[in-house]
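This note's numbering numbers the first residue of the sequence shown as 3 and each following residue consecutively. Where is the CB? At the ideal position from N, CA and C, for every residue including glycine.
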Amino acid sequence: MRRLRVALIAPPWYPLPPHGYGGTELVVHLLGRELRALGHDVRIFGAEGSGPGVDQVAPAAWAGDLGGPNARMREAAYLRRVFKRIQSEHFDVIHDHSGPVGTLLALESHRSNVVVHTIHSALEEPELDFYRELGEKVVLVAISQAQAAAASSLPINAVIHNAVDVSALDFRSRKEGYLVELARVCPAKGQHLAIALARRLNRKLIIAGKVEPGAEGQRYFENYIEPQLGSQVEYWCNVAGREKAELLARAAAGVFPLQWPEPFGLALVETMASGTPVLAIGNGAAHELVEPGVTGFVGKTIEDLVEDFQRLGEIDPVRCASVARRRFSPRRMAEGYVGAYGGIAAADRVQASHASGQIPAVPAS
């Protein structure tokens, strides 16, 4: 396949790679790294504090506005700066991960043959309406079959699973007795149910992750989580690096009592890739990500998870890690996108040649 010129647009909130929370930023970082390793010309746009090879466009201070009334204006200003930087360039593909505003600006910029947008969020009616308005002008990529099924009215071009940075993970075949839930703290992630499960099992629980920005997340933490903290339930804020890797690898199980149709679940996959089985409530993509009896179990209720906990001894940590690392490797994700880019770019060249009356050249293999 010929060398492609690709622009990747991350959200403006966290650096690439993120120092803790920042799932979309991690995906963009891994995708850019692997695309470059595959020989493609990649330009990445993101936030201040990012590593080498990233255009640092959004000031770090803007992260404090995430979830607040100024978030949309910060996002718009960031994207305006991005497209001012590339106004004299041309790409085979502009691949937006930032959201609807980025997708619209990419279309209007006329700086690429093709605009690709990966949908990283759950889709409700307002989002569906927006994407339907775009029609086939934008190539839409879903991150799970579950997400695509919920968007059956949209022209989803491909389903490509997110990846995790397996090089940053740890592995321990011998587990300690605690449970862990790594997730932003909010009602949708169900930390109150994780606490109930830990108490039923008489196990220690470590809740790790940032409280979701905004009033709702803070109320949830103060009313439902903080009063229950103590010797059995601990809260670790925004773990990262070696601390996070060891926390996941040493746990007896990861618990994910999801209360919303989660379109993917990076922390769930990171846990499995650490050789730690997961216990999840089957909302969203959980059934698609977890291989029962191999990397964990998926149930409908906390009662189901209590029963599934008794079966964790059936799971081999080595096989659990191996299966998850193979299924969700950065290279596999990048190759999926290259396949999508290549087909799209080829179709675009054919369409352009038909319009000009020329026969497209076949690139050398």
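*Counting along the chain, where does the alpha helix (DSSP H) carrying GLU245 start and finish?*
Within the sequence shown, residue 245 is the residue found at index 243, counting from 1. 243 to 252 is the extent of the alpha helix (DSSP H) around GLU245.
*asked:* Out of HIS42, LEU18, TYR23, which one is the CA nearest neighbour of LEU32?
replied: Along the sequence shown, one-based indexing puts residue 32 at 30. Ranking the options by Cα distance to LEU32, first place goes to LEU18.
_By alpha-carbon positions, which one of GLU214, ALA200, PHE132, ARG113 ends up nearest to ASP373?_
Here the chain comprises residues numbered 3 to 367, so residue 373 is not present and cannot be evaluated.
*Can you give the beta carbon distance from LEU40 to ALA336, rounded, assuming they're within the 8 Å contact cut?*
As a position in the sequence shown, residue 40 is number 38, starting the count at 1. As a position in the sequence shown, residue 336 is number 334, starting the count at 1. About 6 Å; that satisfies the 8 Å criterion.
_CB contact flag (GLN234, ILE209, <7 Å)_ = The residue given as residue 234 occupies position 232 in the sequence shown. The residue given as residue 209 occupies position 207 in the sequence shown. In this structure, ILE209 does not lie closer than 7 Å to GLN234 by Cβ.
*Residues bridged to TYR80 by DSSP?*
Within the sequence shown, numbered from 1, the residue matching residue 80 stands at position 78. As DSSP reads the structure, TYR80 sits in no beta bridge.
*asked:* From the DSSP secondary-structure annotation, give me the bridge partner or partners of TYR237.
replied: Here residue 237 refers to the residue found at position 235 of the sequence shown. Here TYR237 is bridged, per DSSP, to ILE209.
*Cβ-Cβ distance between LEU181 and ALA247 below 7 Å*: The residue you call residue 181 lines up with position 179 of the sequence shown. The residue you call residue 247 lines up with position 245 of the sequence shown. Contact: no.
_LEU207 and ALA200 closer than 7 Å at C-beta_ = Taking the first residue of the sequence shown as 1, we reach residue 207 at position 205. Taking the first residue of the sequence shown as 1, we reach residue 200 at position 198. Cβ distance < 7 Å, so LEU207 and ALA200 count as in contact.
_Status (buried if at least 16 other CB within 10 Å, exposed otherwise) for THR105_ = Here residue 105 refers to the residue found at position 103 of the sequence shown. With 16 or more other Cβ atoms within 10 Å, it is buried.
*Pick out the complete beta strand (DSSP E) segments inside the segment 241 to 311, 3 residues or longer, and give them in chain order.*
255 to 258, 280 to 283, 298 to 301
_Contiguous beta strand (DSSP E) assignments of at least 3 residues, all confined to the segment 86 to 131_ = The segment 86 to 131 contains these whole beta strand (DSSP E) runs: 93 to 98, 114 to 120.
*Report yes if the C-beta distance between LEU314 and PRO265 is below 7 Å; otherwise report no.*
As a first step, residue 314 must be located in the sequence shown, where it is residue number 312. As a first step, residue 265 must be located in the sequence shown, where it is residue number 263. No. Outside cutoff.
_Could you check whether VAL143 and ALA160 sit closer than 7 Å to each other, using their CB atoms as the reference points?_
Walking along the sequence shown from the start, residue 160 turns up at place 158. Walking along the sequence shown from the start, residue 143 turns up at place 141. Against a cut-off of 7 Å, the Cβ pair of VAL143 and ALA160 comes out as a contact.
*Checking contacts by CB at 7 Å: is GLU305 closer than that to chain C?*
In the structure shown, chain C cannot be found, because there is only a single protein chain.
*Using alpha carbons as the reference points, say which of VAL140, ASP43, LEU260 lies closest to LEU195.*
Looking up residue 195 in the sequence shown gives position 193. Residue LEU260 is the option with its Cα nearest to LEU195.
*At what residues does the beta strand (DSSP E) containing ILE162 begin and finish?*
Start at 1 with the first residue of the sequence shown, and residue 162 comes out as number 160. Per DSSP, ILE162 belongs to no beta strand (DSSP E) and is neither H nor E.
*Counting only the same chain and skipping the five closest in sequence on each side, list residues whose C-beta sits under 6 Å from that of ARG327.*
Translated into positions along the sequence shown, residue 327 becomes position 325. Close CB contacts of ARG327 within its chain, under the 6 Å cut and outside five residues either way in sequence, are with VAL168, ALA275 (chain order).
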